[in-house]
Amino acid sequence: MKLTAEEQAMLAGGAGLATQKAMQIIVALAEIYEAAALVPVASAQIAGISYKNLGGAGLEFLEEWAAQGARVRVPAFMNPAGMDLQRWREMGIAPEFARQQQRVIAALITMGVESTCTCTPYLVGHAPRPGEHLAWSESSAVSYANSVLGARSNREGGPSALAAAITGRTAAYGLHLTENRRATHLVEVHCGLRNEADYGALGYLVGRQVGDGVPYFRFLQETRFLQEDGFLTRRENLMALGAAMGASGAVALYHIEGVTPEAAAALAPLRAFGGPQSAVPVPSAPLPAIVIDTLAEAYAALDSPLDEIDFVSLGCPHSTLADIERVAQLLEGKRVKATLWVTTSRGVQQVAEQQGLVARIEASGARVFADTCLVVAPVEEMGFKAMATNSAKAAFYAPMHSGLQRRFGTLEQCIAAALTGRWTGRRESGPC
Ligand code: F3S
3 MKLTAEEQAM LAGGAGLATQ KAMQIIVALA EIYEAAALVP VASAQIAGIS YKNLGGAGLE
63 FLEEWAAQGA RVRVPAFMNP AGMDLQRWRE MGIAPEFARQ QQRVIAALIT MGVESTCTCT
123 PYLVGHAPRP GEHLAWSESS AVSYANSVLG ARSNREGGPS ALAAAITGRT AAYGLHLTEN
183 RRATHLVEVH CGLRNEADYG ALGYLVGRQV GDGVPYFRFL QETRFLQEDG FLTRRENLMA
243 LGAAMGASGA VALYHIEGVT PEAAAALAPL RAFGGPQSAV PVPSAPLPAI VIDTLAEAYA
303 ALDSPLDEID FVSLGCPHST LADIERVAQL LEGKRVKATL WVTTSRGVQQ VAEQQGLVAR
363 IEASGARVFA DTCLVVAPVE EMGFKAMATN SAKAAFYAPM HSGLQRRFGT LEQCIAAALT
423 GRWTGRRESG PC
């Protein structure tokens, strides 16, 4: 493997012990994946920072690295933590957990990592430019950055993303290389997708089948949602699709014909997303084809047979301002019976607060929490039993990560469940 003089110096300890340790991690990964070189990264997103996942050993590792002088040399920001850093008491977080979580955040801040605590950094000032190399580690963020924004990132582990932030480099393999960004599967979707839950259900099905492949979607049916807001599809639908494929499979890049920047798409959608024409050709050889003509199997797999709902979770991936507005409208003048959390980034939460949306939502008894989400917060200790969510990713992970049974449906169905404490959601009849 070829290292530049600067990289060799870092590896030899010329930039200090902490940087040497980071470079050792990067070089070890490069050797495992047989990378020919390293590549400079524009930013790093560090996942796995919830104390729930990290535990005491992980915390000590971070504090030791920070004490050794580890400092990031490119913009680096955090994935969600195990709690709202300001309102953790309202979430029902134990003081001891909060203390340890704050130590994790403090160690990362010492290293220069921004406490954005979100899986949607691209919504709060950290959108990468097309073609930029990144070391991001949360799967839905990686998927969005690669697929919708045209940047280049593998799905890094938390420590390797931090090592990339400290060295400014990552190993040049996988999705950093043009040839690996070609589609591996053609997915023909014969359903008219109606909302974010349908996109999540589709993602669940496709992720299961393609694993870590690169699906190329052709939507062949009614495209009502594909014309909304001047975008070919709502941003929230793409977030739901990518998040689900990263959960049921390990998809880190997908293409949608006529929509995403590397799908050799028409110019209008490229302009809408601000992306360039791709250097990656549409595959010419026949690809393994997947035909989706029903989402019923996904809805069946992600839905437990529950009537009573005591917890509703919205905001996986973290809610956009548009979704928070929808929630505020649906809750106007009403009271929730079940606990309802809307989780979002601190940046979006602050804007929502300025616009009066948080106050309108919270007047109903619901809460808008920042910095965290249901999967990385210790909700299993909060006594909830039955959850409703509009996120296929959250529905996929809830039983194993949070010990919760769940209902999966649209945002409107979830709000109805929060208001009544019961799940009455039925899927609209239609082609899927
Ligand atoms: Fe984000 Fe948590 Fe979902 S990190 S994608 S809100 S599981």
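The number in the working numbering is simply the position in the sequence shown, starting from 1, with 2 added. Backbone N, C-alpha and C define an ideal beta-carbon position, used for all residues, glycine too.
Nearest neighbour of residue i, chosen from the options [CA to CA]
i, options, result
"glycine 2", "Gly15, His178, His187", "It is not possible to answer for residue 2, since the shown part of the chain is limited to 3 through 434."
"leucine 188", "Ala291, Gly427, Val353, Ala49", "Ala291"
"glycine 385", "Gln26, Gly94, Ile27, Ala37", "Gly94"
"cysteine 434", "Val150, Leu204, Ser347", "Leu204"
"lysine 23", "Asn239, Tyr146, Thr169, Glu181", "Thr169"
"alanine 394", "Cys318, Ala388, Val344", "Cys318"
"leucine 222", "Ile417, Lys54, Val293, Met402", "Val293"
"isoleucine 51", "Ala173, Glu65, Ser45", "Glu65"
"alanine 246", "Asn81, Leu19, Phe398", "Phe398"
"glycine 358", "Glu383, Trp343, Lys339, Gln331", "Gln331"
"glycine 215", "Thr186, Ser117, Leu240, Ala340", "Thr186"
C-alpha gap between residue i and residue j, whole angstroms
i, j, result
"alanine 163", "lysine 336", "43 Å"
"cysteine 119", "cysteine 375", "10 Å"
"glutamate 158", "tryptophan 138", "6 Å"
"alanine 324", "isoleucine 34", "42 Å"
"tryptophan 67", "leucine 125", "29 Å"
"arginine 184", "glutamate 134", "17 Å"
"phenylalanine 371", "glutamine 351", "8 Å"
"valine 284", "leucine 31", "Because valine 284 sits at a pLDDT of 46, beneath the cut-off of 50, its placement in the model cannot be relied upon, and the following sentence gives the value as read from the coordinates. Whole-angstrom Cα-Cα distance: 30 Å."
"alanine 69", "valine 115", "14 Å"
"alanine 396", "serine 315", "8 Å"
"leucine 406", "alanine 59", "27 Å"
"glycine 209", "alanine 418", "29 Å"
"proline 307", "threonine 412", "16 Å"
"tyrosine 201", "asparagine 156", "23 Å"
"histidine 320", "serine 347", "6 Å"
"isoleucine 57", "glutamine 102", "A small correction: the amino acid at residue 57 is glycine; isoleucine does not occupy that position in the sequence shown. One C-alpha to the other measures close to 9 Å."
"valine 329", "proline 161", "36 Å"
"valine 106", "asparagine 81", "12 Å"
"leucine 136", "phenylalanine 219", "24 Å"
"alanine 420", "leucine 342", "6 Å"
Whole-angstrom C-beta distance between residue j and residue i, which should lie under 8 Å
i, j, result
"alanine 390", "arginine 408", "7 Å"
"isoleucine 111", "alanine 78", "No, isoleucine 111 and alanine 78 are not in contact; Cβ-Cβ is about 11 Å, not under 8 Å."
"alanine 254", "glycine 260", "Actually they are not in contact, since the Cβ atoms of alanine 254 and glycine 260 sit about 21 Å apart, beyond 8 Å."
"serine 252", "glycine 213", "Reading off the sequence shown, one finds alanine at residue 252, where the question assumed serine. About 6 Å; that satisfies the 8 Å criterion."
"alanine 46", "proline 130", "Incorrect: roughly 11 Å between the Cβ atoms, too far for contact."
"arginine 171", "valine 360", "Actually they do not touch by this definition, with Cβ atoms about 40 Å apart."
Bounding residues of the alpha helix (DSSP H) (the contiguous stretch that carries residue i)
i, result
"threonine 112", "97 to 113"
"glycine 209", "198 to 212"
"serine 145", "141 to 149"
"tryptophan 90", "90 to 93"
"tryptophan 67", "53 to 69"
"arginine 328", "323 to 333"
"leucine 40", "Per DSSP, leucine 40 belongs to no alpha helix (DSSP H); it is in the beta strand (DSSP E), 40 to 42."
"valine 360", "359 to 364"
"threonine 422", "413 to 422"
Residue range of the beta strand (DSSP E) that includes residue i
i, result
"methionine 80", "78 to 80"
"arginine 171", "171 to 173"
"tyrosine 218", "217 to 221"
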